[in-house]
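Chemist:
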Amino acid sequence: FSLVLAGRLEMARETPVGRQVLVRLGSGDLLGEVSFIDGLSRCGTVVAREPLRLARFSASAVRVRVAADPPFALALHRSFWQSLAIKVRQANELMSEILEAPTSRLAPGLDRQGERIELDAGSKVAVLADGGLTAREVATLALTLRAERFGPESFVFAEGEPGEALYIVADGQVRISRRLQGIGEEALAILKSGAVFGELALIDDRPRSADARAHLGPCTLLSINRRRLEEVVQIDRETGLQFLQLLCRILCRRLRAMNNQLVAWRVMAGFR
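Okay, so the sequence shown: first residue is -3 according to the numbering used here, each after it adds one.
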């Protein structure tokens, strides 16, 4: 992966209706970290828009340093997390060119119906068990997560609202959606048990980029806010690092899916 030292670049894909831009980067931005994290092919073709200087990092050398230097590993994955968030935000902004403007308030009668509930540690551990964390890390996180119950079709959060917490689906399903011009609600994803969403709220204070609501039936969600995550990192750096690595993998999957969806939507809309 590389760090942009000077200049500007674009990552794009060629389509039947023209070149579709996925992300625009400049000085201080990271490039190529997605493939470094998930080991998959590049998301698109990178083109310099002006004279460019890059600092390139050897994947093998960085992995050796990560394994030997926990503070470096933690700082690196914070940087990755922030960089991925920038790219996800950009993808949302590009999507917004063909989406209806978000409303800042929920529609009448659709206010949040989340209710704080007590969920035993064993149930929380079961939800986290498949996330690639060790048993000790899972147990540490389980102590920090709060549980809420949402009724059928009730909102967890709405597009345009400020973000406060990350959520994990404990049971039921959650629908992530936006509104397309002339079409109405377009589901971006249906999330099931163990799925994580709303993670950008732990990085910055920008508004939510989509709606999230209980899909069809009720759902139970686990949540953690930025303050609690920082407490976990301070108390147990190893657990904090593993959780950040998990969040980075989640953001990589989300970014790749959004890029595919963005290109598909823009092609269908005839955007050039």
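Ideal placement from N, C-alpha and C gives every residue a C-beta, glycine not left out. In this text, all values refer to a predicted model and were calculated from it rather than measured experimentally.
In the DSSP assignment, find the unbroken alpha helix (DSSP H) run with Phe53 in it and report its ends.
Modeler: As a first step, residue 53 is located in the sequence shown; it is residue number 57 there, counting from the start. Careful: Phe53 lies outside any alpha helix (DSSP H) and carries neither H nor E.
Chemist: Indicate the three-state DSSP secondary structure (helix, strand or coil) for Asp201 in the structure shown.
Modeler: Residue numbering aside, residue 201 sits at position 205 when the sequence shown is read from its first letter. Per DSSP, reduced to three states, the secondary structure at Asp201 is coil, with no helix or strand assignment.
Chemist: Ignore the nearest five residues each way along the sequence and tell me which others in Pro148's own chain have a CB closer than 8 Å to its CB.
Modeler: For this step, residue 148 is matched to residue 152 along the sequence shown. Hits under 8 Å: Ala210, Leu212, Gly213 and Pro214.
Chemist: Where DSSP assigns a beta bridge to Phe270, which residues make up the other side?
Modeler: A query on residue 270 cannot be resolved here, the shown segment of the chain reaching from -3 to 268 and no further.
Chemist: For the alpha helix (DSSP H) containing Arg222, name the first residue and the last one.
Modeler: Within the sequence shown, numbered from 1, the residue matching residue 222 stands at position 226. Segment Arg222 to Ile231, the alpha helix (DSSP H) holding Arg222.
Chemist: Could you tell me whether the stretch 36 to 52 touches the stretch 3 to 23, using the rule of 3 or more Cβ pairs below 8 Å?
Modeler: yes
Chemist: Assign Thr41 to one of two classes, buried (16 or more other C-beta atoms within 10 Å of its C-beta) or exposed (fewer than that).
Modeler: Counting from one through the sequence shown, the residue named residue 41 turns up at place 45. Thr41 should be labelled exposed.
Chemist: State the start and end residues of the unbroken beta strand (DSSP E) segment that holds Asp207.
Modeler: One-based indexing of the sequence shown puts residue 207 at position 211. Note, Asp207: beta strand (DSSP E), Asp207 to Ala210.
Chemist: Could you pull the DSSP bridge partners for Glu277 from this structure?
Modeler: Because the chain here runs from -3 to 268, residue 277 falls outside it and cannot be looked at.
Chemist: To the nearest angstrom, how far is the alpha carbon of Glu29 from that of Glu227?
Modeler: Within the sequence shown, residue 29 is the residue found at index 33, counting from 1. Within the sequence shown, residue 227 is the residue found at index 231, counting from 1. One C-alpha to the other measures close to 26 Å.
Chemist: Please identify the residue among Ser23, Ala206 and Asp201 whose C-alpha is closest to the C-alpha of Arg175.
Modeler: Numbered from its first residue, the sequence shown carries residue 175 at position 179. Comparing Cα positions, the closest option is Ala206.
Chemist: Do Gly168 and Pro203 have their beta-carbon atoms positioned less than 9 Å apart in this structure?
Modeler: On the sequence shown, residue 203 is found 207 positions in, with the first residue counted as 1. On the sequence shown, residue 168 is found 172 positions in, with the first residue counted as 1. Against a cut-off of 9 Å, the Cβ pair of Gly168 and Pro203 comes out as no contact.
Chemist: Tell me the rounded alpha-carbon separation between Glu114 and Ala135.
Modeler: The residue given as residue 114 occupies position 118 in the sequence shown. The residue given as residue 135 occupies position 139 in the sequence shown. In this structure, the CA atom of Glu114 is about 16 Å from the CA atom of Ala135.
Chemist: So what does Phe153 bridge to, in DSSP terms?
Modeler: For the purposes of this step, residue 153 is identified with residue 157 of the sequence shown, where counting begins at 1. In the DSSP output, where bridge partners are listed per residue, Phe153 has Ala208.
Chemist: Would you call Ala166 buried or exposed, if buried means 16 or more other Cβ atoms sit within 10 Å of its Cβ?
Modeler: As a first step, residue 166 is located in the sequence shown; it is residue number 170 there, counting from the start. Flag for Ala166 reads buried.
Chemist: Report yes if the C-beta distance between Leu36 and Arg252 is below 9 Å; otherwise report no.
Modeler: On the sequence shown, residue 36 is found 40 positions in, with the first residue counted as 1. On the sequence shown, residue 252 is found 256 positions in, with the first residue counted as 1. Against a cut-off of 9 Å, the Cβ pair of Arg252 and Leu36 comes out as a contact.
Chemist: In angstroms, rounded to a whole number, what distance separates the CA positions of Trp261 and Thr235?
Modeler: Here the question's residue 261 lines up with position 265 in the sequence shown. Here the question's residue 235 lines up with position 239 in the sequence shown. Near 38 Å, if we compare the C-alpha coordinates of Thr235 and Trp261.
Chemist: Specify, as a first and last residue, the run of the alpha helix (DSSP H) that Ala71 falls within.
Modeler: The residue labelled residue 71 in the question sits at position 75 within the sequence shown. Element bounds for Ala71: Pro66 to Met91.
Chemist: With which residues is Thr136 paired in a DSSP beta bridge?
Modeler: The residue you call residue 136 lines up with position 140 of the sequence shown. None, per the DSSP bridge assignment.
Chemist: In whole angstroms, give me the CA-to-CA distance for Leu106 and Leu198.
Modeler: Taking the sequence shown and counting its residues from 1, the one referred to as residue 106 is at position 110. Taking the sequence shown and counting its residues from 1, the one referred to as residue 198 is at position 202. Residue placement at Leu106 is flagged as unreliable, the pLDDT there being 48, under the threshold of 50; a coordinate-derived value is accordingly withheld.
Chemist: So is Glu181 buried or exposed if we call it buried at 16+ other beta carbons inside 10 Å?
Modeler: By one-based count along the sequence shown, residue 181 stands at place 185. That one is exposed.
Chemist: Under the three-state reduction of DSSP, which class applies to Leu1: helix, strand or coil?
Modeler: Counting from one through the sequence shown, the residue named residue 1 turns up at place 5. Correct three-state label for Leu1: strand.
Chemist: Contact defined as beta carbons within less than 8 Å: I believe Leu21 pairs with Leu247. What is the distance between those atoms, to the nearest angstrom?
Modeler: Your numbering for residue 21 matches position 25 in the sequence shown. Your numbering for residue 247 matches position 251 in the sequence shown. 16 Å between Cβ atoms; not a contact.
Chemist: Quick one: is Val84 buried, meaning 16 or more other Cβ sit within 10 Å of its Cβ, or exposed?
Modeler: Looking up residue 84 in the sequence shown gives position 88. It counts as buried.
Chemist: Identify, in the order they occur along the chain, each residue of the same chain with its Cβ nearer than 7 Å to the Cβ of Arg250, setting aside the five sequence neighbours on each side.
Modeler: What you label residue 250 is simply residue 254 of the sequence shown in a count that begins at 1. Val84.
Chemist: In three-state DSSP terms, what is Leu242?
Modeler: In the sequence shown, the residue the question calls residue 242 occupies position 246. Helix at Leu242.
Chemist: Cβ of Leu218 within 9 Å of Cβ of Arg142?
Modeler: On the sequence shown, residue 218 is found 222 positions in, with the first residue counted as 1. On the sequence shown, residue 142 is found 146 positions in, with the first residue counted as 1. At a Cβ-Cβ threshold of 9 Å, Leu218 and Arg142 count as neighbours.
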